[in-house]
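Residue numbers (my numbering): 21 to 491.
Note that CB positions come from ideal geometry on N, CA and C, so glycine has one too.
Okay, structure coming up:
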């Protein structure tokens, strides 16, 4: 095998030797990552677990032809971190990947978090590249893009477009402005507009449904009939903007695949993220966050390094005390009013509960009663609702509540008997936010599976399903 010495450290990621195949190179980098993470010093049982898990993940990564995707991402992230550019520890499904952690793409060790489900990231039926969401300092994101342009060619690196569609409220606003409809009248209807998710069959008919449902909206439309033009706009394209995170790398010039628009020093593709995969492009989600910029300033002022930051343990008592006393103003994803209130109600005692708070703040758990039940169970005011022993086991670490995608996928498989093909369809519906109507297409399959495998009554299975839908 090729030794580690044949990979040259340029200070800007690892030099890619053109005489080495991608398959050989990723294993070399994995051996380097094994050493970097100090896995050779772990107990034998732990080393065996990592060996088995890496072999399993690499089997899927290789079979799905994702090796280059991981190599390019790892090279980019390692260069950024080695250059002192703060990046988030890992967000979303990629946090479940040991390979991503060993390649330094993430800073989350899945061995320490057994409830993470790798199959949410990559499964046997997946053909599209997995999502690797990366957070980076907004002040230095351009440096990473420049690095990618230098390595792969400026004509092979671009940014994804984002097409903005007319929805109920912006359709109403534009028509009201053109036809001089008073703002107070427009606001009456705007405050009543029915918001729907993308998978709803009435997604593009929210204004019509709002007028039909609310007498106050009917009166405004009767007084200002020009507003009916807004119903003609809804669902159409409004304009093009720049995607906040999508960075594209192509093996040949982008113009071989699609047209581009020049905006300053950036090439903007003429297609959006939904068309990128079908066009055979490699997309990386690199989101510039002001929070990471603040962290960079804090590190500089305190003389700490990125390694010091990543090494902070998740059971640090002083850090947990900040959440315990509710001092979360200014903390990314915890400073919103709803999240602050939930944090106060939960009063977290450990890192797991801190993570749960983030999930409990989403509209689904919040409005379905899941969040309130979690709080009551946490403080001993009630027992969690019991559906079946399998569901109880899967939700044991979340106070009996279904709040994570991993739990949904486990339940549809272990309770409903879904194979990976249908479980992945559920994952896709959730990740693409396709809505309840798309989710319910699989409802009867779940009810039938729960009855045949576990003898669960249709009524109980329906109650479980409704919890899945609102999670």
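Per DSSP, residue 400 lies in no alpha helix (DSSP H) and is assigned neither H nor E.
DSSP, read as helix, strand or coil, puts residue 244 in coil.
Note: residue 309 is bridge-paired with 157 in the DSSP secondary-structure output. By the CB criterion at 7 Å, residue 199 and residue 253 fall outside the cutoff. Within a 10 Å sphere around the beta-carbon of residue 206 sit 16 or more other beta-carbons, which makes this residue buried. Here the C-alpha atom of residue 259 lies approximately 9 Å from the C-alpha atom of residue 182. One alpha carbon belongs to residue 331, the other to residue 112, and they sit about 20 Å apart. In the DSSP secondary-structure assignment, residue 289 is bridged to 280. The segment 355-363 makes no contact with the segment 331-340, as fewer than three CB pairs between them are under 8 Å. Distance between residue 124 and residue 426, taken at the CA atoms: about 23 Å. Minimum Cα-Cα distance from residue 126 among the listed residues 399, 106, 276 corresponds to 106.
Inclusion of residue 366 and residue 377 in the CB contact set at 7 Å is warranted, their separation being smaller than that value. For residue 474, the three-state secondary structure derived from DSSP is helix. For residue 179, the enclosing beta strand (DSSP E) starts and ends at 177-185.
For residue 129, no alpha helix (DSSP H) segment is defined, and its DSSP state is neither H nor E.
Of all alpha-carbon atoms in 479, 379, 402, 392, the one lying nearest the alpha-carbon of residue 408 is that of 479. The criterion of a C-beta distance shorter than 7 Å is not satisfied by residue 247 and residue 306. Residue pairing by DSSP places residue 111 opposite 153 in a beta bridge. For residue 419, DSSP assigns no beta-bridge partner whatsoever. Cβ contact annotation for residue 449 (same chain, cutoff 6 Å, sequence separation greater than five): 458, 459, in chain order. When DSSP reads this structure, residue 261 sits in a beta bridge with 182. The Cβ atoms of residue 443 and residue 432 lie closer than 7 Å to each other. The C-beta of residue 176 has 16 or more other C-beta atoms within 10 Å across all chains shown, which makes the residue buried.
Shortest Cα-Cα distance from residue 233 to any of 346, 213, 371 involves 213. Under the criterion of beta carbons closer than 8 Å, residue 119 and residue 78 qualify as touching, at roughly 6 Å. Separation of residue 191 and residue 117 (C-alpha to C-alpha, rounded to the nearest whole angstrom) is 42 Å. Bounds of the alpha helix (DSSP H) holding residue 64 are 64-83. Using a C-beta cut-off of 8 Å, the segment 470-484 makes contact with the segment 405-425, since at least three inter-stretch Cβ pairs fall below that distance.
With respect to the C-alpha of residue 280, the residue from 90, 195, 174 having the closest C-alpha is 174. Remark: three or more beta-carbon pairs, one from each stretch, lie closer than 8 Å, so the segment 302-320 and the segment 151-161 are flagged as touching.
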